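Quick note, the sequence shown lines up with residues 5 to 533 if you use our numbering. Note that the Cβ used here is the ideal one computed from N, Cα and C, for glycine as well. All of these numbers come straight from a predicted model, not from anything done at the bench.
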Amino acid sequence: MESEALIQSSAVIAGVVDYRGRPITAGSRKGRWTSAFFIIGVEMAERFAYYGIGFNLITYLTGPLRQPTASAAVAVNMWSGMSMMLPLLGAFIADSYLGRYRTIIIASILYILGLGMLTFSSSLLPSILPQKCDTAMEPSSCPPSQLQVIIFFVSLYLVAFAQGGHKPCTQAFGADQFDQNDPLESKSRSSFFNWWYFGMNFGMLFTTVLNYVQDSVSWGFGFGIPCMAMVLALIVFLSGSRTYRYWILEVTSPFIRIGKACWQASTVKASQTEEEEEEAKEAKGVIRLFSIWTACLIYAIVFAQSMTFFTKQASTLDRRIGSSFVIPSASLQSIGTVSIVAFIPIYDHILVPAIQKLTGLQSGITMLQRIGIGMAISATEMVVAALVEMKRIKTAREYGLIDSPDIPIPMNLLWLMPQYVLYGLSDVFTMVGLQEFFYDQMPDSLRSLGLALYLSIFGVGSFLSGFIVSLIDKVSAAQGESWFPNNLNHAHLDYFFWLLAVLNALGLLIYIYFAQAYAYRKKGCCTML
């Protein structure tokens, strides 16, 4: 027994080396939680930077950049969508040419450059460029120069491009620190996705303070802080280099290999070599994922609302604490973040062990079951949001504020808490479940792509959200009154939220159908129900 344990502990982990290029044995101290904590720390700083911009972006667009509400919502959706689609490019570059470690470093440098330009465009540039103001206008009400707008959006999309390389590679690199063939490390890897999401949302909590700085101090300072956070993230990441496990890149790009297998699968061939059969299995496994990918798109449309209409909804309410302090409307998104941070330890340490005794599964429930539960909570979230919006409009009418959008509606912010809490709970189930699912079900050499596919769900969802908003805005405006006017007291956000609730319920039924038919890659056949 001792000799067997010794052989097992000294077995080399296939395809994995340390920072000097030396093979890593199963008993090595490289990787595991020591490395994972470095990477989770990097994610905390990066998410603080990304959402430090994203959460309050619609406020900046409708404020200093003077954009209409509907146009600003579409712009946020387009930027968010692009941020979630570009990881497909980042994953391709990482898995085929650079590797995840190098891609993370390059993406971090581009991230810092983009945030630096963003800071410049919102602070120094307005004071340099002449503004075209009417004599009756106050300087703070002057429209921005065209050059300022161009530089702002170039900077914004440079951040999106950098995030496209950073996001899928960092998470995949973190999960790579655990050996899937070791029972204990495999269990730790499943737990890693929970704590990864915990760390990510813990970093996002600090955006509450950042949003206050942006609204009450200056936008330049509010964009400069995320830039410094990314500098810190890069330093932390480099500090852990000696502890990491590194996957060796394949000689042939896995994308080319899988593409070749898909082509061969479409042609009639009398016999296949063992290698071709294995490649064909991998290709079919990747193709099977698209049924789940498609079924989650409606959930992604609902997910996009927290950064747009939830924030605008909050901006109309009385947000004062005491006589002078005003809570930034974007800071209310921290309610969802707090619910995530609070619930993940409960899920990981209480719910999973309890459900394990009933199901016998190491993770308590399957990945697809976890995703489905979150989607059901999301549908409930939109019902609650619609009811709260109806209450908001009713209160505005009762106090005669329908035509006074600049006067806060005397309605407590706590009315918005349920929809944000449900938003957070649905995230714990669906988002973490999707991350683990798309990482776990991908071939080892394509795991950055797996996480990029997961992110692309929310990219396409953001694009669809922007398209739906534009379409409804045009159709409803042509009929007399837009659902999304600049004066939200005349808006029909409740109609929009009811529409999303119905679509979400329909999406859940479609998802259940595909989940029941899905066969897991490493386990014979395991269904949703």
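- Cβ atoms of S335 and S319 stay farther apart than 8 angstroms, at about 11 angstroms.
- Using a Cβ distance threshold of 9 angstroms, F488 and A176 do not count as a contacting pair.
- The beta-bridge partner set that DSSP reports for Y250 consists of V21.
- Under the 8 angstroms Cβ criterion, the region 502–517 counts as touching the region 382–395, having at least three qualifying pairs.
- For I28, no alpha helix (DSSP H) run applies; the uninterrupted beta strand (DSSP E) run containing it begins and ends at P27 to T29, by DSSP.
- Contact between the region 215–224 and the region 117–133 is established, with three or more Cβ pairs separated by less than 8 angstroms.
- In this structure, DSSP gives R324 an extended state, which the three-state scheme calls strand.
- Under the three-state reduction of DSSP, F329 is assigned to strand.
- Assignment of I413 by DSSP, reduced to helix, strand and coil, places it in the strand class.
- Of the residues assessed, F196 falls on the buried side of the cut-off, its CB having 16 or more other CB atoms within 10 angstroms.
- Excluding sequence positions up to five before and after P414, its CB lies within less than 8 angstroms of the CB of D322, T399 and Y403, all in the same chain and listed in chain order.
- Note that the region 436–455 does not touch the region 156–170; fewer than 3 beta-carbon pairs, one per stretch, sit closer than 8 angstroms.
- In the displayed model, H170 falls within a helix according to three-state DSSP.
- L405 sits in coil when the DSSP states are folded into three classes, being neither helix nor strand.
- In the DSSP assignment, V464 falls within the unbroken alpha helix (DSSP H) covering R451 to A482.
- Burial is judged here by how many other beta carbons sit within 10 angstroms of a residue's own beta carbon; K191 has fewer than 16 and is exposed.
- Cβ contact annotation for S382 (same chain, cutoff 6 angstroms, sequence separation greater than five): Y303, V306, S430 and N508, in chain order.
- In the three-state scheme derived from DSSP, where H, G and I count as helix and E and B as strand, F210 is classed as coil.
- Shown here, I302 sits in a helix according to DSSP, grouped into three states.
- As the crow flies, the alpha-carbon of L119 is around 19 angstroms from that of G67.
- In the three-state DSSP reduction, H496 falls in the coil class, being neither helix nor strand.
- G178 is not a Cβ neighbour of L92, given a cutoff of 9 angstroms.
- In this structure, A308 sits away from G103, with a CB-CB distance that is not shorter than 9 angstroms.
- In this structure the region 446–456 lies against the region 95–102, because at least three pairs of beta carbons, one per stretch, are closer than 8 angstroms.
- Q181 is positioned such that its CB atom lies closer than 9 angstroms to that of A40.
- When the beta-carbon positions are compared, N198 and I348 come within less than 9 angstroms of each other.
- The straight-line gap separating the alpha-carbon atoms of I377 and I43 is approximately 28 angstroms.
- Under a 10 Å Cβ-count criterion, K316 is classified as buried, with 16 or more other Cβ atoms of the shown protein chains found around its own Cβ.
- Here N416 is exposed, its C-beta having fewer than 16 other C-beta atoms within 10 Å.
- For G289, the closest C-alpha among the options T38, W37, D448 and V20 is that of D448.
- Judged by DSSP in its simplified three-state form, Y522 adopts coil rather than helix or strand.
- DSSP, read as helix, strand or coil, puts M386 in helix.
- Taking a cut-off of 8 angstroms on C-beta distances, the region 468–485 does not touch the region 349–356, as fewer than three cross pairs fall below it.
- Counting the other Cβ atoms within 10 Å of the Cβ of D99 gives 16 or more, which makes it buried.
- In the three-state scheme derived from DSSP, where H, G and I count as helix and E and B as strand, L365 is classed as coil.
- When secondary structure is reduced to three states using DSSP, R70 falls in the coil class, being assigned neither helix nor strand.
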